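A.B. asks: Pasting in a structure now, in structure tokens, and then I'll have a few things to ask.
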Amino acid sequence: MQHAIDKIYAVKNNNPSIPFIVNLEGKNLIITGNNGSGKTVFLRKIFDFLNQSIVKTGNDHHVEYIKSELLRMEERLSRVNPGDDHYEYRKNQVAELQEKLNSRNYFNITFRDENSLKVNYHQKKSIIRFYEATRQAIISSDGRITSLETLTDEYKSHGPQENSGIFFERYLVTTWNYALLQKGLNKIEEASKAEKWIERIIEDLKQLFEDPTLTLEFDIESLRINIKQEGKEKYRLDQLSSGFSSILSIYADLLVRVELGKIERDEISGIVLVDEIDAHLHVTLQKKVFSFFKSSFPNIQFIISTHSPFVVQSVSDAIIFNLTTLEQMEDLSLYSYTSIIKGLLGERSSSSILLEKIEELSSLMSGENFNDADYIEIMSDLEPFIQDMDARSQAIILSAKNKFIEKQQG
């Protein structure tokens, strides 16, 4: 990718004696590591650097510029005597520049094409976004049909770092209504354009939900969008589970920025950071969330953090970097989940990543109401690792299986 990060230069735990380089060459990045290894802090440093170098204008973030300014200010300081009016001011200027230079020596990023990325960003053809681990989709509809011009004006007044997904359903409603109107006026080409855009979203959601029967329905009375799946009652976009809502918050935000920014989805570029991409997600979603975003926005460089072996194992063309060991790897798609947990994540199969599920299962068994759906969901998470678990964990799973069988037999 052209508008992407090439290399990241950093030090471990702010220790200059432990430098490391993440060599991306424009590829997507998956950041892993033990709890406390600094995954979120690392993402924030990347985002802060992007704000300084790409979002802000000027070149005062460059090491060469800082060095030049430092030499200039040191020369000015040398011409002022201690006790003079400007001495402390010049001294502070030198100290600030020295600190800035030190921070660049400890953390720096090079790009594939920095100037082009910067120009594209300020022309709204590229985006820089950071999604927190606590994200949830904010779906809003005011029950009115809004013109595209009005919606675009509202979007333009929206802050650049605010989540634009708030416009997602309103834009869907507007586009759907536009298609119906154009068809009624026998403007088939215009209607077809709008319908194709809606169909692509439906195809994306079919992939995400792994359900070929999924479709969207425009409720013309309430002016809301419903999701319809065979064998289920229809439901609204704001009624998704926390896992799907977490994904939709990113997807909707990016999609609205593309559409209301008048850019083709396959042409939008930039760098998107996602903290704990596996947060709130069931295992089945962890296995496909990264590839879903990659296929939906193929020219965006995604930099994500995760503690999930399912995410790490799900793609074959991303860089994987472990902040605990400072190891860089590529393509773990052929490795088993167990070997990834033991090797890359440095944990036993029955350690923190799965212990919570074991405790959930234990609580489920001891409760008065044994919920079949909860049992099936928890067991699907644990199943791949049973053979490598400790005796206590295996005993809890066996007891739960017996209880489930007894309940089924009545």
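Under the UniProt record's numbering, the first residue of the sequence shown is numbered 1, with each subsequent residue one higher.
In this text, a Cβ means the ideal position worked out from N, Cα and C, and glycines have one as well.
Since we're looking at a predicted model, the values are computed, not measured.
Apart from the five residues just before and just after residue 311, which ones in its own chain have a Cβ nearer than 8 Å to its Cβ?
C.D. replies: Residue mapping note: residue 311 aligns to position 311 of the sequence shown, counting from 1. Excluding positions up to five away in sequence, the list reads 30, 277, 278, 286, 287, 289, 290 and 304.
A.B. asks: Just mark residue 322 as buried or exposed, buried being the case when its beta carbon has 16 or more other beta carbons within 10 Å.
C.D. replies: Indexing the sequence shown from 1 puts residue 322 at position 322. Label assigned to residue 322: buried.
A.B. asks: Would you identify the three-state DSSP class for residue 348, choosing helix, strand or coil?
C.D. replies: What you label residue 348 is simply residue 348 of the sequence shown in a count that begins at 1. With a pLDDT of 49 at residue 348, under the threshold of 50, the modelled position of this residue cannot be trusted; read the value that follows with caution. DSSP places residue 348 in coil when its eight states are reduced to three.
A.B. asks: Classify residue 127 as buried or exposed, calling it buried when 16 or more other Cβ atoms lie within 10 Å of its own Cβ.
C.D. replies: Numbered from 1 along the sequence shown, position 127 holds the residue referred to as residue 127. Buried: at least 16 other Cβ atoms inside 10 Å.
A.B. asks: Leaving out five residues on either side along the sequence, give the residues of the same chain with a beta carbon under 8 Å from the beta carbon of residue 235.
C.D. replies: By one-based count along the sequence shown, residue 235 stands at place 235. Excluding sequence neighbours, residue 235 sits near 226 and 227.
A.B. asks: I need the straight-line Cα distance from residue 398 to residue 363, nearest angstrom please.
C.D. replies: Numbered from 1 along the sequence shown, position 398 holds the residue referred to as residue 398. Numbered from 1 along the sequence shown, position 363 holds the residue referred to as residue 363. Taking the straight line from one Cα to the other gives about 14 Å.
A.B. asks: In whole angstroms, what separates the C-alpha of residue 263 from that of residue 135?
C.D. replies: Residue mapping note: residue 263 aligns to position 263 of the sequence shown, counting from 1. Residue mapping note: residue 135 aligns to position 135 of the sequence shown, counting from 1. Distance between the alpha carbons of residue 263 and residue 135 is about 25 Å.
A.B. asks: Would you kindly work out how many angstroms separate the C-alpha atoms of residue 374 and residue 400, rounded to a whole number?
C.D. replies: Within the sequence shown, numbered from 1, the residue matching residue 374 stands at position 374. Within the sequence shown, numbered from 1, the residue matching residue 400 stands at position 400. Roughly 11 Å between the two C-alpha positions.
A.B. asks: Taking C-beta to C-beta, are residue 77 and residue 55 nearer than 8 Å?
C.D. replies: Indexing the sequence shown from 1 puts residue 77 at position 77. Indexing the sequence shown from 1 puts residue 55 at position 55. Contact flag unset, no.
A.B. asks: Label residue 131 either buried or exposed according to how many other C-beta atoms from any shown protein chain fall within 10 Å of its C-beta, with 16 as the threshold for buried.
C.D. replies: The count along the sequence shown starts at 1 and reaches residue 131 at position 131. Per the 10 Å Cβ criterion, buried.
A.B. asks: Are three or more beta carbon pairs between the segment 112–122 and the segment 237–255 nearer than 8 Å?
C.D. replies: Judged by Cβ distances under 8 Å, the segment 112–122 makes no contact with the segment 237–255, as fewer than three pairs qualify.
A.B. asks: Classify residue 302 as helix, strand or coil using the three-state DSSP reduction.
C.D. replies: Looking up residue 302 in the sequence shown gives position 302. Strand, per DSSP.
A.B. asks: Can you grab the Cα-Cα spacing for the pair residue 62 / residue 283, in whole Å?
C.D. replies: Your numbering for residue 62 matches position 62 in the sequence shown. Your numbering for residue 283 matches position 283 in the sequence shown. Cα-Cα distance, rounded: 42 Å.
A.B. asks: Across which residues does DSSP place residue 23 in a beta bridge pair?
C.D. replies: On the sequence shown, position 23 is the one that residue 23 refers to. Residue 23 is bridged to 7.
A.B. asks: When we look at the beta-carbon of residue 361 and count the other beta-carbons within 10 Å, is it buried (16 or more) or exposed?
C.D. replies: Stepping through the sequence shown from its first residue, residue 361 is reached at position 361. Residue 361 is buried by the Cβ-count criterion.
A.B. asks: Within its chain, find whatever has a CB closer than 6 Å to the CB of residue 166; leave out the 5 residues flanking it on each side and keep chain order.
C.D. replies: Position 166 of the sequence shown, counted from the first residue, corresponds to residue 166. Taken in chain order, the residues that qualify are 138 and 140.
A.B. asks: For the alpha helix (DSSP H) holding residue 199, just list the boundary residues, first then last.
C.D. replies: Here the question's residue 199 lines up with position 199 in the sequence shown. Run containing residue 199: 188–209, per the alpha helix (DSSP H) assignment.
A.B. asks: Would you list the one or two residues that DSSP bridges to residue 321?
C.D. replies: In the sequence shown, residue 321 corresponds to position 321, counting from 1. Paired residues: 31 and 328.
A.B. asks: Just curious, the alpha helix (DSSP H) that residue 175 is in, first and last residue?
C.D. replies: What you label residue 175 is simply residue 175 of the sequence shown in a count that begins at 1. Start and end: 168–184.
A.B. asks: Leaving out five residues before and five after residue 151 in sequence, what residues of the same chain have Cβ atoms less than 8 Å from its Cβ?
C.D. replies: On the sequence shown, residue 151 is found 151 positions in, with the first residue counted as 1. The answer, listed in chain order, is 167, 170, 171, 174 and 260.
A.B. asks: Compute the Euclidean distance between the alpha carbons of residue 309 and residue 48, then round it to the nearest angstrom.
C.D. replies: In the sequence shown, counting from the first residue as 1, residue 309 sits at position 309. In the sequence shown, counting from the first residue as 1, residue 48 sits at position 48. Going by the C-alpha atoms only, they are around 28 Å apart.
A.B. asks: With distances taken from CA atoms, which of 315, 280 and 274 is nearest residue 41?
C.D. replies: As a working note, residue 41 is residue 41 in the sequence shown. Out of 315, 280 and 274, 274 has the C-alpha closest to the C-alpha of residue 41.
A.B. asks: Threshold first: 3 residues or longer. Then list the beta strand (DSSP E) segments lying entirely within the segment 244–278, N to C.
C.D. replies: If we require 3 residues or more, the beta strand (DSSP E) runs fully inside the segment 244–278 come out as 269–274.
A.B. asks: Quick one: measure Cβ to Cβ for residue 155 and residue 147, integer angstroms, because I've assumed they're closer than 8 Å.
C.D. replies: The residue given as residue 155 occupies position 155 in the sequence shown. The residue given as residue 147 occupies position 147 in the sequence shown. Between residue 147 and residue 155 the Cβ distance is about 13 Å, and since that is not below 8 Å, they are no contact.
A.B. asks: Reducing DSSP to helix, strand and coil, say where residue 215 ends up.
C.D. replies: In the sequence shown, residue 215 corresponds to position 215, counting from 1. It is a strand residue.
A.B. asks: Would you say residue 211 and residue 229 are within 8 Å of each other, going by their C-beta atoms?
C.D. replies: Along the sequence shown, one-based indexing puts residue 211 at 211. Along the sequence shown, one-based indexing puts residue 229 at 229. Closer than 8 Å, so yes.
A.B. asks: Going by C-alpha to C-alpha distance, which of 69, 383, 392 and 330 sits closest to residue 32?
C.D. replies: By one-based count along the sequence shown, residue 32 stands at place 32. Here the closest residue by C-alpha is 330.
A.B. asks: Roughly how many whole angstroms lie between the Cα atoms of residue 161 and residue 297?
C.D. replies: Here residue 161 refers to the residue found at position 161 when the sequence shown is read from its first residue. Here residue 297 refers to the residue found at position 297 when the sequence shown is read from its first residue. Each residue's alpha carbon lies about 19 Å from the other.
A.B. asks: Here's the rule I'm using: 16 or more other beta-carbon atoms within 10 Å means buried, otherwise exposed. How should residue 187 be labelled?
C.D. replies: Taking the first residue of the sequence shown as position 1, residue 187 is located at position 187. Counting Cβ neighbours within 10 Å, residue 187 comes out exposed, since fewer than 16 surround it.
A.B. asks: If I'm right that residue 27 touches residue 317 with Cβ under 8 Å, what's the distance once you round it to whole angstroms?
C.D. replies: By 1-based counting over the sequence shown, the position of residue 27 is 27. By 1-based counting over the sequence shown, the position of residue 317 is 317. 7 Å between Cβ atoms; contact.
A.B. asks: Just to check, is the beta-carbon of residue 325 closer than 7 Å to a non-hydrogen atom of the ligand SAH?
C.D. replies: As presented, the structure is devoid of all ligands, the ligand SAH included, so that no description of it is given.
A.B. asks: What are the boundary residues of the alpha helix (DSSP H) that residue 120 is part of?
C.D. replies: As a first step, residue 120 is located in the sequence shown; it is residue number 120 there, counting from the start. Per DSSP, residue 120 belongs to the alpha helix (DSSP H) from 114–122.
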